[in-house]
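Chains as they are written, first to last, in the working numbering: chain A, 1 to 638; chain B, 1001 to 1363.
Glycine included, every Cβ here is placed at the ideal spot set by N, Cα and C.
Values in this document were obtained by computation on a predicted structure and should not be read as measured data.
A short write-up of the structure that comes next.
What follows is the structure, given as structure tokens:
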């Protein structure tokens, strides 16, 4: 492929300009700002338009010339022996493709898409980006010339396509997804790892729940059995309790009756005694009736003693007065003294005798014997009465006796109920032994019942049913399947990336190695026979007569040759061997003389096989280059 | 006139394992709630009979909580003078000494290995039932019953049966299969059928009640969830399918072939309903753009439904510039997809393609 002519209209600094490029080496030189890069841009704009993001050097607005007007570009070129022309209206993004028939360009297509596809097809590249990265070598790129070690990476970038996707980035993103799903050694657990763990836990829970469930079933059967057994035992215990109680009741009734009998005996004895006492008392009272009453006797005694006193005093005083009278008479009538004295003695004697006689007569009336007898009787009576007092009253005793008889009757009546109930002591003892045993059994059964029911309740409340867990397991199982599918997909994605890499390495690298070697050998005039990279990628080895070594030890100039070799080989490889024109935008600007000379040699060799468009600010350099190339054209920009 | 409720296929104890545990639990709660509402309806309408045509429990060994729940529910119905009749279904089939023998439900349960009946003199009604067993599930029982000379002591007669109707598109059913003709020959005033999860009238006097609560995303659960409120008078039945309040399981297919991601999102958004438990099955051919979008779909539609899940059943035919990594990636996987026959593997490749495309577009 070869470029023939470039026309620019209202394109940056060119209002209207035409450049003849129909030479195998076009060397364009001029000072800075003369428009070298604009021409470069013009070629790219003509080929790809300015729609594609990496096709343009400048934005759309910057393309317009200072005078304004619609920026237009046109490029004539040959491809496979035919001549074509592309015209573009850069403002409206319109394109026209012409094909030369005889001496005239005939319109081939006005469809932008068709034109663009034609360009890519002609160039043999899949995108403008690839062209830009291989055939169009800009100043910034050339700075990379020394970075021969990054060439692998730089070459890989060519594959990234429009989006500039880095395979490494893609791979690392995939790895991120992979990690989030399933861990590898020393990584954090991923989603699947967690799910596996969850499944493990659920499984354990499920088995537990199943165990509990079967235990529960067992327990509920036991509870059901106990539900029946406990009331049975309770009934028997109650029955035995009743029997024993009945026996006890009977016994206590009998005992009570016996006690009542004893009491009745005592009370009736008391009653007998009481009547005896009463009889005796009656006799004593009868006896006492024969005597005056003690009161009468005492009254009499008092009267007597009163009378006695009177008699005593009256007698004394009468006798004394009479005696005294008679004594006085005796004195007065001395003659009758004797009589009078005698009279006095008689009267006093008489009064004393009278007193004595009264005393003697009354003494018989209140005799002490009689009193003693009475007193004796009274004492006896008192003793009797005391004895009587010691006993309850007869009425009390009688009512007590009645009560006792009443109660006794009740007891008898009650005992009648037990008439047929005559358990032997052995029988009762047997009952008691059974009761004890049954009670123990009942207690145990009740405890077991409550325990089992409690456990059952706790199990029912505390545990999730196996069916629910089975459901959860099922859900997790499905989730795992989904995630495993995703994981497989990610692994396939990763494997595909590896395949792409290998394909790139396996298919591209040997081709690249062959072409780089050929070019490098050519550039170094056979000093270096081979560049090795296919096996050692991304390391590059250079071979010469002495053997293999890394390019580090190469001189600067040789490294440039190696870089050009790579660049050209890559361009050929990616353009499917269409010999694309190479556009160099002042590549040697920072080179020293020696290095520049070497580069020029290389360029002149390149120019033997393909068109080169070379921009430079250095007139001398261009002149030198022109001299070393068979067919060349110098364009000077002002 | 005899008023009755006919229901079946409660599948009580079903664990709703298609849903995450918390939603499954909510479903289990709702399950009971709906059944309680069903009982309340029966009480409110003062029905005479409550017929359960099989599969009351999801298994022959239900959890004790479910058993207790049913006992209480039936006690409530019995307390309102409603007579309950149950036949075991294929899920809770009759076994000697099993579920139906061990537990004391306040209901008339058809046990044993043959058709039997209960008499209700006050309604002048005989209720017949055939308990499902596991051993003879392929036999044509309905045909046999129609040949048996059953002694119908009462004027009215009802049969409870759990089997499969061989109607159009459902030939070759397995559990106690019967045809419409066979049903027509049996001769009961009403045949309460169970096993199908959607309401269906087989003849004028034989019907499936459908189940009151949907269990998963399968086809049979897409229909209205219902039970039957029926009346029987002079040998004629009048049936009313009553829809329950249970949340619906829905499966919806979306063909991606002509859709853009935005259109897909609009389509899904238009279904927005918190009462729906929905599964979207994406089919057709997905574009590159769609592939790049799909990984973020789940996030974009979360919260629109009671539950939502995406099933990817689509294919893709990606052609991309094979000189770029993305192009090479797509080409390689597309080749693998086209060469593969195993559906599962294709799905995995498809997923890998989707992940890759989305990633390339993201970075």
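Coil, strand or helix - residue i by DSSP
{"i": "residue 145 of chain A", "result": "The predicted model places residue 145 of chain A with a pLDDT of 44, which falls under 50 and marks its position as unreliable, so this point remains unresolved."}
{"i": "residue 1078 of chain B", "result": "helix"}
{"i": "residue 1156 of chain B", "result": "strand"}
{"i": "residue 1180 of chain B", "result": "helix"}
{"i": "residue 1214 of chain B", "result": "coil"}
{"i": "residue 1350 of chain B", "result": "helix"}
{"i": "residue 1194 of chain B", "result": "strand"}
{"i": "residue 173 of chain A", "result": "helix"}
{"i": "residue 179 of chain A", "result": "helix"}
{"i": "residue 124 of chain A", "result": "coil"}
{"i": "residue 136 of chain A", "result": "strand"}
{"i": "residue 1009 of chain B", "result": "coil"}
{"i": "residue 1253 of chain B", "result": "strand"}
{"i": "residue 282 of chain A", "result": "helix"}
{"i": "residue 1234 of chain B", "result": "coil"}
{"i": "residue 1055 of chain B", "result": "coil"}
{"i": "residue 110 of chain A", "result": "coil"}
{"i": "residue 601 of chain A", "result": "helix"}
{"i": "residue 291 of chain A", "result": "coil"}
{"i": "residue 1148 of chain B", "result": "coil"}
{"i": "residue 592 of chain A", "result": "coil"}
{"i": "residue 20 of chain A", "result": "strand"}
{"i": "residue 412 of chain A", "result": "helix"}
{"i": "residue 458 of chain A", "result": "helix"}
{"i": "residue 418 of chain A", "result": "coil"}
{"i": "residue 1311 of chain B", "result": "strand"}
{"i": "residue 631 of chain A", "result": "coil"}
Of the residues the options, the one placed nearest residue i, counting alpha carbons only
{"i": "residue 218 of chain A", "options": "A:570, A:557, A:459 and A:478", "result": "A:459"}
{"i": "residue 510 of chain A", "options": "A:594, A:536, A:10 and A:270", "result": "A:536"}
{"i": "residue 347 of chain A", "options": "A:109, A:319 and A:16", "result": "A:319"}
{"i": "residue 1132 of chain B", "options": "B:1126, B:1177, B:1278 and B:1119", "result": "B:1177"}
{"i": "residue 1031 of chain B", "options": "B:1015, B:1021, B:1044 and B:1042", "result": "B:1015"}
{"i": "residue 583 of chain A", "options": "A:7, A:9 and A:21", "result": "A:21"}
{"i": "residue 104 of chain A", "options": "A:83, A:169 and A:136", "result": "A:83"}
Cβ distance (whole Å) where residue i is taken to contact residue j below 8 angstroms
{"i": "residue 1082 of chain B", "j": "residue 1048 of chain B", "result": "7 angstroms"}
{"i": "residue 621 of chain A", "j": "residue 603 of chain A", "result": "Not really, about 10 angstroms apart at Cβ, beyond 8 angstroms."}
{"i": "residue 3 of chain A", "j": "residue 581 of chain A", "result": "5 angstroms"}
{"i": "residue 1006 of chain B", "j": "residue 1192 of chain B", "result": "4 angstroms"}
{"i": "residue 1011 of chain B", "j": "residue 1055 of chain B", "result": "6 angstroms"}
{"i": "residue 274 of chain A", "j": "residue 404 of chain A", "result": "Not a contact, Cβ separation roughly 16 angstroms."}
Close beta carbons around residue i, own chain, < 8 angstroms, minus the five adjacent residues each side
{"i": "residue 202 of chain A", "result": "469, 472, 473 and 476"}
{"i": "residue 114 of chain A", "result": "97"}
{"i": "residue 1001 of chain B", "result": "1231, 1232 and 1233"}
Residues of its chain near residue i, where Cβ-Cβ distance is below 6 angstroms and the 5 sequence neighbours each way are ignored
{"i": "residue 215 of chain A", "result": "none"}
{"i": "residue 294 of chain A", "result": "374"}
{"i": "residue 325 of chain A", "result": "none"}
{"i": "residue 120 of chain A", "result": "none"}
{"i": "residue 517 of chain A", "result": "530 and 531"}
Sequence-distant residues of its chain with Cβ nearer than 7 angstroms to residue i (five each side left out)
{"i": "residue 1034 of chain B", "result": "1212, 1213, 1244, 1245 and 1246"}
{"i": "residue 607 of chain A", "result": "24, 25 and 629"}
{"i": "residue 177 of chain A", "result": "490"}
{"i": "residue 1314 of chain B", "result": "1256, 1282, 1283, 1284, 1285 and 1286"}
Closer than 7 angstroms: residue i CB and nearest the ligand GTP heavy atom
{"i": "residue 3 of chain A", "result": "Absent from the structure shown: the ligand GTP. Ligands present: none."}
* What residues from the segment 1112-1141 of chain B come within 9 angstroms of chain A, judged by C-beta to C-beta, listed N to C? -> Taking 9 angstroms as the cut-off between beta carbons, none of the residues of the segment 1112-1141 of chain B comes near chain A.
* Asked: According to a CB-to-CB cut-off of less than 7 angstroms, which residues of the segment 484-495 of chain A neighbour chain B?
  -> 485, 486, 488, 489, 490, 492 and 493
* Asked: Between the segment 177-193 of chain A and chain B, which residues of the former have CB atoms less than 8 angstroms from a CB of the latter, in chain order?
  -> 177
* Asked: Listed in chain order, which residues of the segment 1058-1089 of chain B have Cβ atoms closer than 8 angstroms to some Cβ of chain A?
  -> 1058, 1059, 1062, 1063, 1064 and 1065
* Asked: Can you list, in chain order, the residues of the segment 466-485 of chain A whose Cβ is nearer than 7 angstroms to any Cβ on chain B?
  -> 467, 468, 470, 471, 472, 474, 475 and 485
* To do: Check each residue of the segment 28-51 of chain A: if its Cβ is closer than 9 angstroms to any Cβ of chain B, include it; give the result in chain order.
  => Of all residues in the segment 28-51 of chain A, none comes within less than 9 angstroms of chain B when Cβ atoms are compared.
* Asked: Which residues, in chain order, does the segment 1007-1032 of chain B contribute to contact with chain A at a C-beta distance below 9 angstroms?
  -> 1013, 1014, 1015, 1016, 1017, 1018, 1019, 1020, 1021, 1024, 1025 and 1028
* Give the residues from the segment 1328-1346 of chain B that approach chain A closer than 7 angstroms (Cβ to any Cβ), ordered along the chain. => 1328, 1329, 1332 and 1333
* May I ask you to list, following chain order, the residues of the segment 196-219 of chain A that have a beta carbon less than 9 angstroms from some beta carbon of chain B? => 213, 216 and 217
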